[in-house]
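Working notes, structure below.
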Amino acid sequence: MPMVLLECDKDIPERQKHIYLKAPNEDTREFLPIANAATIPGTLSERGCAFCGAKLVIGGVLKDTIQMIHGPLGCAYDTWHTKRYPTDNGHFNMKYVWSTDMKESHVVFGGEKRLEQSMHEAFDEMPDIKRMIVYTTCPTALIGDDIKAVAKKVMKERPDVDVFTVECPGFSGVSQSKGHHVLNIGWINEKVETMEKEITSEYTMNFIGDFNIQGDTQLLQTYWDRLGIQVVAHFTGNGTYDDLRCMHQAQLNVVNCARSSGYIANELKKRYGIPRLDIDSWGFSYMAEGIRKICAFFGIEEKGEALIAEEYAKWKPKLDWYKERLQGKKMAIWTGGPRLWHWTKSVEDDLGIQVVAMSSKFGHEEDFEKVIARGKEGTYYIDDGNELEFFEIIDLVKPDVIFTGPRVGELVKKLHIPYVNGHGYHNGPYMGFEGFVNLARDTYNAVHNPLRHLAAVDIRDSSQTTPVIVRGAA
Amino acid sequence: MSQSRLDDLFDYTEERCLWQFFSRTWDREENIEGVLGQVARLLTGQEPLRGTPQERLFYADALAMANDVRERFPWASQINHEEIHFLIDGLKSRLVDTVITRSTNRELNHHLY
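Chain order of the listed sequences is A and X.
Counting from 1, position 62 in the first sequence corresponds to residue 62 in the numbering used here; the numbering is continuous, with no gaps.
Counting from 1, position 55 in the second sequence corresponds to residue 529 in the numbering used here; the numbering is continuous, with no gaps.
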């Protein structure tokens, strides 16, 4: 089966290179969607901007760092609170948002003074916070504000603070992915090995590409604590600025989100010889495999087996309850990139769900190699999907549930198809053993939600009857 | 027979092994050679190499694969060492062809990460 030209794309035939329907005896040598390419004019992309990739995805997760956004207010508001990454210090990162609030006069006369003033003001207002990331945005990049020079000046005047700058305006890349890259490479170049922390275990690792979505990192941290493994730095779930400066001290880099954070793992391997282990943290089988691999690396296999046995005893019966009731349900996954390949086999193996369509906003061709290798035949693989394509794909595959973000989620709710928040989750965490039971519960509740049937009923039409929905209780 | 066993191994690797899909050609070559070399040692009863951090990582990936292969494919415990090496060499060639030589991933040979 060649690449697919959907009916809605007949006027933008270039989209055919981005949509693949997997057929028997084919592989990615013949058919690989083009990805990480500029959005085609005429398509209404669901993508975010490069600045968003740096701030919302990675930097904004840190629990002890002021995120100073040098730009108009909207750049700050639109990358704040749309992802739920709590912290163990009272959710500092989610309580506050910082912006230089650039207006027309600042654009005309330059915004460096305003940035400097805002940085001092933020540090003065929050005297306990000594770390800051400054982001440039589209207008401040266009007028050439030198945020690195301002950061140096502020650090000179305040010797107890440390500031990192991210020069990644929204227009600098084709999607969020550019922002991930800029922050990763900037951090390894400027901040890693600028601090040493106390090493308290003979087993040390960095956990890279976890963002503590609804507590993912904190749940997995209970595993590492039980195994006696010290996590030097979390990049960046529930993480601190200074821990990330110590990443060179770890013996192993464990990577979950290879798309947003694989760059720093590659550089840590190249520069410091720290090996990179990629794992999947979602799903029972994958999580167990990841723990086994980490423990094999450190030579503590027995501890790993004991932990897995304990977790399976506690959570597997609950997972199986949901699996019995979700068997054969059809799911679409329309998220950023990596969750396509992280989830397609885990929901299939652990929950009996069939993934029928997957769309990636910012995945690269590497992500499509992974997901097509893992995914089923008869499934659609879409790069940078747009709304009309989503409608057409829904008609073709008829999913029972869609994992996607709130904006697309609202769209599919109008069609009375339930969605589960695939970015920020409904009721996470979703990682780890307990987390995957949460994902199963949310999927079950979405698929069997009586409200969506009721929403389709118009009581003014006497021929319609209210559906009777019977659900089991866990 | 060997072809169907090679298909089994290839399908398993596609489904489970992220190490084949690292960012660049040289990463993929290193992982295919390193992990599958350790898998061959484990399946033929040789002591795996664990002298360096990278060897320990290859061992960790290989141990998971070797255990899965023994569990999923009953033929794995019935074949001799010569056939194991033959199959692993065949798998290496097929992976190199799929994820390196004939991959259309446009980022594979970029000199920077």
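A virtual CB, placed ideally from N, CA and C, is assigned to each residue, including glycine.
Given the structure is predicted, the values throughout are model-derived calculations rather than measurements.
Residue environment: Gly-60 of chain A is assigned as buried (16 or more neighbouring CB atoms within 10 Å of its CB, all protein chains considered). In this structure the region 61 to 68 of chain A does not touch the region 41 to 53 of chain A; the number of beta carbon pairs closer than 8 Å is below three. Residue pairing of His-423 of chain A in beta bridges, as defined by DSSP: absent, with no partner found. Spanning the alpha carbons of Glu-301 of chain A and Ala-534 of chain X requires a straight line of approximately 10 Å.
One alpha carbon belongs to Ile-333 of chain A, the other to Glu-503 of chain X, and they sit about 31 Å apart. The criterion of a C-beta distance shorter than 8 Å is not satisfied by Val-397 of chain A and Tyr-381 of chain A. Here Leu-277 of chain A is bridged, per DSSP, to A:Val-254. Distance check between Asp-64 of chain A and each of A:Ala-258, A:Asp-88 and A:His-416 places A:Asp-88 closest, using alpha-carbon atoms only. For Arg-452 of chain A, the closest alpha carbon among the candidates A:Gly-435, A:Lys-413 and A:Arg-441 is that of A:Lys-413. The three-state secondary structure of Tyr-203 of chain A, taken from DSSP, is coil.
Under the three-pair Cβ rule at 8 Å, the region 125 to 136 of chain A counts as touching the region 164 to 173 of chain A.
Here Tyr-425 of chain A is not near Trp-282 of chain A, since their CB atoms are 8 Å or more apart. In the three-state reduction of the DSSP assignment, Arg-498 of chain X falls in the coil class, being assigned neither a helical nor a strand state. Going by C-alpha positions, Ala-258 of chain A is about 27 Å away from Lys-316 of chain A. Judged by DSSP in its simplified three-state form, Ala-54 of chain A adopts helix. Across the structure, Thr-217 of chain A and Gly-435 of chain A are spaced so that their CA atoms are roughly 11 Å apart. Under the DSSP assignment, Phe-171 of chain A falls outside any beta strand (DSSP E); it carries neither an H nor an E label.
Minimum Cα-Cα distance from Gln-117 of chain A among the listed residues A:Thr-443, A:His-106, A:Val-107 and A:Thr-100 corresponds to A:Thr-100.
Secondary structure in the region 85 to 171 of chain A: the alpha helix (DSSP H) runs of 4 residues or longer, each lying completely within the stretch, are 92 to 95, 104 to 109, 112 to 125, 138 to 142 and 147 to 157 in chain order. A residue is called buried once 16 or more other Cβ atoms fall within 10 Å of its Cβ, and Arg-271 of chain A, having fewer, is exposed. Neighbourhood of Arg-530 of chain X in chain A, by CB distance below 7 Å: Phe-297, in chain order. Taking 4 residues as the shortest admissible run, the region 303 to 365 of chain A contains the following complete alpha helix (DSSP H) segments, listed from N- to C-terminal end: 338 to 351. Each residue's CA atom was taken as its position, placing Ile-459 of chain A and His-416 of chain A some 16 Å apart.
Taking the Cβ atoms as the reference, Val-570 of chain X lies roughly 17 Å from Ala-536 of chain X, outside the contact range of under 8 Å.
Neighbours of Gly-262 of chain A in chain X, taken as residues at a C-beta separation under 7 Å, are given in chain order as Ser-497. Residue pairing by DSSP places Met-3 of chain A opposite A:Tyr-20 in a beta bridge. Residues are counted here when their Cβ sits less than 7 Å from a Cβ of chain A; for the region 480 to 513 of chain X these are Glu-488, Glu-489, Leu-492, Trp-493, Phe-495 and Ser-497, given in chain order. For secondary structure counted as the alpha helix (DSSP H) over 4 or more consecutive residues, the region 365 to 391 of chain A holds these complete runs in sequence order: 365 to 374. Ala-373 and Arg-374: these are the residues of the region 371 to 400 of chain A whose beta carbon lies less than 7 Å from some beta carbon of chain X, given in chain order. The C-beta separation of Ser-285 of chain A from Asp-210 of chain A comes to about 19 Å, leaving the pair out of contact by the 8 Å criterion.
In the three-state DSSP reduction, Met-68 of chain A falls in the strand class (E or B). Here Trp-187 of chain A has Phe-164, Leu-244 and Ile-264 as same chain residues with Cβ atoms under 8 Å from its own Cβ, once five neighbours each way along the sequence are excluded. Separation of the CB atoms of Gly-111 of chain A and Asp-145 of chain A is rounded to 5 Å, and the pair is thereby assigned contact status at 8 Å. About 15 Å separates the beta carbon of Lys-323 of chain A from that of Asp-400 of chain A, a gap too long to meet the 8 Å contact definition. For Asn-266 of chain A, a Cβ of chain X is located within less than 8 Å of the residue's own Cβ.
In the structure shown, the three-state DSSP call for Val-408 of chain A is helix.
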